[in-house]
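Undergrad: Provided herewith is a single structure, encoded as structure tokens, for subsequent inquiry.
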Amino acid sequence: MNVHIRVRFAPAPTGLLHIGNARTALFNYIFAKRHGGTFILRIEDTDVERSTEASMDRILEDLQWLGIRWEEGPDRGGPDGPYRQSQRLPLYRDYAEQLFREAKAYKCFCSNKKLEALRKEQISKGEMPRYDGRCRSLSKAEISKLESEGLRPVLRFRVGKGSIVFEDLVHERMHFESEGMGDFIIIRSDGMAAYNFACVIDDHLMHVTHVIRGEDHLSNTPRQILIYQALGWQSPVFAHHPLILGGDRLPLSKRHGATAVSQYREEGFLPEALVNYLVLLGWTPPSGEETLPLERIMEDFSLSAISKSAPIFNRKKLEWLNSHYIRKKTEEQLSELLFPYLEKAGLQIRQVDPKHFTKISGVLKENLVALSQIEEYMGIFFDGKFFFEDEAKTILLDSKNRETLHIILNVLESSAEITPDNCPSFLSQLEEKTGRRGKDLYAPLRAGVTGKMKGPELVKTLPLLGKERMNRRLRMALEIL
Ligand code: GLU
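Heads up, the sequence shown is in my numbering, so the first residue is 2 and it goes up one at a time.
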């Protein structure tokens with residue numbers, strides 16, 4: 002491509018960043034990086050009532066956490082700023098006035114009540130509800146009169162008859178008829194620009210070459226193209242990707258579970274896993290690989306390879322990818338990531354020896370699907386959180402198992418401190434002395450020293466527990482239960 006690619010992600014700061022929107026941001030970002038282009042972040046905050054500063058900050062933070070970096074945006078400026086729509090109102094007004102002067106837009110004074118009545122009437126006649134253009138030909142005098150009565154008009158775009166055709170990079174040729182569209186609002190009665198209008202002005206002034214967004218915007222695109230034409234501007238290239246669906250084939254929403262990037266982050270999903278999952282949802286790399294970090298995705302990504310059919314969200318697959326990326330961390334990296342979760346689970350961080358915890362992290366690597374699951378395993382390693390789970394109690398109360406525990410305790414007392422080196426021979430000694438092997442030996446041993454029936458491999462766990470603690474817990478199992 003010869004043109005310098007410029008793309009943008011344009012969230013409305015009205016809530017948390019949805020994983021579907023994060024996927025849109027990723028497609029844009031990856032496309033820009035793949036072609037040496039520029040990625041712009043634009044905040045669409047013209048809905049004053051629902052937009053908040055806090056939501057904007059969270060969105061920026063979540064994007065950064067995902068590894069997305071923008072060259073231009075509200076926090077860092079850029080040549081085509083400002084990058085918040087609420088700060089660009091004079092621009093929208095200038096272009097709206099131009100369209101008004103050229104009679105491509107007109108003032109409409111219809112009240113909501115009138116519009117609602119019109120809508121009902123059209124529906125009852127089996128027609129598509131749309132504005133019928135009744136204010137199209139108000140005279141100057143009529144307009145002045147209505148304005149002098151204190152009525153505040155909206156500005157509507159005059160839609161002519163004809164077809165709108167564009168080549169979508171995902172859907173190929175798209176064809177719409179302007180008939181039935183109705184003259185749509187470009188400036189609301191409070192003076193704010195409507196989405197379709199602000200979006201076109203910004204995309205043009207920000208020199209956006211490719212608009213990559215969700216399919217939910219497909220019906221906006223013909224309206225936007227009409228505005229480009231009316232202003233004598235060239236439209237960007239469009240690519241509308243399918244939206245993520247839940248298992249019931251309805252758009253992914255809270256009913257399906259967590260939908261916000263921050264929820265996955267809090268649960269302990271790694272950004273690498275979420276990025277890998279979201280991008281490969283509906284896009285298959287030529288190599289067919291399933292685990293592909295962002296740098297690799299950037300090498301192979303193409304918009305036209307995005308599937309036209311909607312992908313179904315599969316949490317199990319995301320979990321699988323998360324365990325994959327957790328396993329790729331070093332002990333040190335993992336322990337750093339896990340530390341905040343210890344605190345959240347109520348452990349006094351000051352009492353945790355970082356070196357010891359690094360080893361624990363290494364041992365838990367294979368077991369963790371999400372970082373917050375550290376809570377389930379804390380009782381194994383931290384006495385303050387230790388207890389016997391019910392299932393473990395049942396095992397420990399069995400008389401044959403109690404005999405085994407006594408023998409284990411004897412062997413332990415006469416053995417040296419358990420280390421990674423001598424642990425395998427310690428376990429063989431237990432097999433020999435108890436005459437039990439497999440589950441018969443390991444179930445009571447695990448239940449006795451960890452209080453649980455599941456956990457990391459014993460050969461790795463025991464050296465971290467140490468002889469003294471194992472001894473104490475086994476006695477507790479025998480004496481208290
Ligand atoms: N603010 C719009 C949204 O969040 C942006 C749509 C677009 O990319 O044009 O859906």
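Glycine residues also receive a C-beta, built at the ideal position from the N, C-alpha and C atoms.
Check the C-beta distance from residue 158 over to residue 187 and give it rounded, since I have them as a contact under 8 Å.
TA: Contact holds; Cβ gap of about 5 Å.
Undergrad: Are there any heavy atoms of the ligand GLU lying less than 6 Å away from the beta-carbon of residue 223, as far as the coordinates show?
TA: No - the ligand GLU has no heavy atom lying nearer than 6 Å to the Cβ of residue 223.
Undergrad: Compare the beta carbon distance of residue 428 and residue 375 with 7 Å and say whether it is the shorter of the two.
TA: No, these two residues do not count as a Cβ contact at 7 Å.
Undergrad: What number of angstroms, rounded off, separates the C-alpha of residue 225 from the C-alpha of residue 23?
TA: So the two alpha carbons sit approximately 23 Å from each other.
Undergrad: If you follow the beta strand (DSSP E) that residue 164 is part of, which residue opens it and which one closes it?
TA: Run containing residue 164: 164-169, per the beta strand (DSSP E) assignment.
Undergrad: In or out: residue 344 buried (at least 16 other Cβ within 10 Å) or exposed?
TA: Exposed.
Undergrad: Exposed or buried, what is residue 239 when buried is set at 16 or more other beta-carbons lying within 10 Å of its beta-carbon?
TA: Buried: at least 16 other Cβ atoms inside 10 Å.
Undergrad: Spell out a yes or no on whether the segment 34-50 and the segment 106-114 are touching, meaning 3 or more CB-CB pairs, one atom from each, closer than 8 Å.
TA: With a cut-off of 8 Å, the segment 106-114 and the segment 34-50 do not count as touching, because too few Cβ pairs lie within range.
Undergrad: With 16 as the cutoff for other CB atoms within 10 Å, does residue 362 come out buried or exposed?
TA: Looking at its Cβ environment, which holds 16 or more other Cβ atoms inside 10 Å, residue 362 is buried.
Undergrad: Pick out every residue whose C-beta is nearer than 6 Å to a heavy atom of the ligand GLU: which are they, in chain order?
TA: Qualifying residues, in the order they occur: 11, 12, 13, 45, 200, 214 and 218.
Undergrad: Taking the C-alpha atoms as reference points, what is the distance between residue 492 and residue 394?
TA: Absent from the model: residue 492. The displayed extent of the chain is 2 to 482, so no value can be given.
Undergrad: Enumerate, from N- to C-terminal direction, the unbroken beta strand (DSSP E) stretches of 3 or more residues contained entirely within the segment 198-266.
TA: Fully enclosed beta strand (DSSP E) runs of 3 or longer: 211-215 and 238-242.
Undergrad: What is the C-beta distance between residue 282 and residue 245, in whole angstroms, given that I count them as a contact (C-beta under 8 Å)?
TA: Indeed, because the Cβ distance is near 6 Å, the residues count as touching under 8 Å.
Undergrad: Under the rule that 16 or more other beta-carbon atoms within 10 Å means buried, what is residue 251, buried or exposed?
TA: Residue 251 should be labelled exposed.
Undergrad: Along the chain, where does the beta strand (DSSP E) containing residue 332 start, and where does it finish?
TA: No beta strand (DSSP E) contains residue 332, which is instead part of the alpha helix (DSSP H) from 332-345.
Undergrad: Quick check on residue 392: does DSSP put it in helix, strand or coil?
TA: Helix, per DSSP.
Undergrad: Taking only three categories from DSSP, how would you classify residue 488?
TA: Residue 488 lies beyond the stretch modelled for the chain, which goes from 2 to 482, so this question has no answer here.
Undergrad: Using a Cβ-Cβ cutoff of less than 8 Å, which residues in the same chain neighbour residue 31 once the five nearest sequence positions on both sides are dropped?
TA: Same-chain partners within the cutoff: 280, 295, 298, 299 and 302.
Undergrad: One question on the structure: do residue 453 and residue 419 come within less than 7 Å of each other, judged by their Cβ atoms?
TA: Their beta carbons are not under 7 Å apart, which means residue 453 does not touch residue 419 by this criterion.
Undergrad: Which residue or residues does DSSP assign as beta-bridge partners of residue 107?
TA: Beta-bridge pairing links residue 107 to 157.
Undergrad: Does the contact criterion of 3 or more C-beta pairs under 8 Å hold for the segment 67-75 versus the segment 217-235?
TA: The segment 67-75 vs the segment 217-235: no contact.
Undergrad: Which residue from 330, 357, 397 and 390 puts its Cα closest to that of residue 367?
TA: Cα-wise, what sits closest to residue 367 is 330.
Undergrad: Which value, in whole angstroms, describes the spacing of the CA atoms of residue 133 and residue 141?
TA: Distance between the alpha carbons of residue 133 and residue 141 is about 20 Å.
Undergrad: How do the segment 61-69 and the segment 5-24 stand: do at least 3 beta-carbon pairs fall below 8 Å, yes or no?
TA: Cβ pair count under 8 Å is three or more, so yes.
Undergrad: For my contact list, residue 160 and residue 176 are in at a C-beta cut-off of 8 Å; report their separation, rounded to the angstrom.
TA: Their Cβ separation, rounded to whole angstroms, is 16 Å, which puts residue 160 and residue 176 out of contact at 8 Å.
Undergrad: So, residue 323 versus residue 271, is the Cβ gap smaller than 7 Å?
TA: Yes, they are a contact pair.
Undergrad: Quick check: residue 4 and residue 210, are their CB atoms within less than 7 Å of each other?
TA: Yes, Cβ-Cβ distance for residue 4 and residue 210 is below 7 Å.
Undergrad: Round the Cβ separation of residue 304 and residue 156 to the nearest angstrom and send it over; I've been treating them as touching at under 8 Å.
TA: Residue 304 to residue 156, Cβ: 34 Å. No contact.
Undergrad: Considering residue 122, what are the terminal residues of the beta strand (DSSP E) in which it resides?
TA: Residue 122 -> not in any beta strand (DSSP E); alpha helix (DSSP H) instead, spanning 113-125.
Undergrad: Which residues mark the beginning and the end of the beta strand (DSSP E) in which residue 8 is found?
TA: Where residue 8 is concerned, the enclosing beta strand (DSSP E) stretches over 7-10.
Undergrad: With contact counted as at least three CB pairs below 8 Å, one residue from each stretch, are the segment 444-452 and the segment 345-358 in contact?
TA: Cβ pair count under 8 Å is below three, so no.
Undergrad: Within 10 angstroms of the Cβ of residue 273, are there 16 or more other Cβ atoms? Answer buried if so, exposed if not.
TA: Buried, by the Cβ-count rule.
Undergrad: Looking at residue 319 and residue 202, is the spacing between their C-beta atoms short of 7 Å?
TA: Not closer than 7 Å, so no.
Undergrad: Please name the residue in 212, 118, 267 and 207 whose C-alpha comes closest to that of residue 78.
TA: Out of 212, 118, 267 and 207, 207 has the C-alpha closest to the C-alpha of residue 78.
Undergrad: Out of 471, 425, 448 and 9, point me to the one whose CA is closest to residue 213's CA.
TA: Among 471, 425, 448 and 9, the Cα nearest to that of residue 213 belongs to 9.
Undergrad: Do residue 460 and residue 434 count as a contact pair if the criterion is CB distance below 7 Å?
TA: Cβ distance not < 7 Å, so residue 434 and residue 460 don't count as in contact.
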